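Asks: Take a look at this one; I'll ask things after.
In the working numbering, the protein residues as written are 106 to 206.
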């Protein structure tokens, strides 16, 4: 996994702060592979929050605070929440191929 311990800590702490306790975060994509270089940070967040407006606010909060904490890097975040009718296929891919932080 190509994240530093401080980056992992920041991701986990800020996910809990912005999305709420019990939030799970998965790193997926190129950063999971130690033999690759570069690439953005692809994160899948699973939250218990079901209100879509709060989920969107939490996503903005998370991205803004994370960039302040780890620096301006390319970060992609997909969010899964209980009231989502049809989660995009990327959610399944992230959970199947990613690493839970």
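Beta carbons: idealized from backbone N, C-alpha and C, even for Gly. These figures come from a predicted structure and were not determined experimentally.
Quick one, which of 123, 194, 142, 177 has its alpha-carbon nearest residue 165's?
Replies: Among 123, 194, 142, 177, the Cα nearest to that of residue 165 belongs to 123.
Asks: I need the boundaries of the alpha helix (DSSP H) containing residue 184, first residue and last residue.
Replies: Not the alpha helix (DSSP H): residue 184 falls in the beta strand (DSSP E), residues 180–185.
Asks: Can you list, in chain order, the residues of its chain with a C-beta nearer than 6 Å to that of residue 135? Leave out the 5 residues immediately preceding and following it.
Replies: Correct list, in chain order: 141, 144.
Asks: Quick one, which of 121, 151, 158 has its alpha-carbon nearest residue 193's?
Replies: That would be 151, whose Cα lies nearest to the Cα of residue 193.
Asks: Is it right to say residue 171 is buried, meaning 16 or more other beta carbons lie within 10 angstroms of its own, or is it exposed?
Replies: Buried.
Asks: Provide the residue span of the alpha helix (DSSP H) that contains residue 160, from first to last.
Replies: Residues 157–175.
Asks: Find out if the Cβ-Cβ distance for the pair residue 129, residue 189 is shorter than 8 Å.
Replies: Contact: no.
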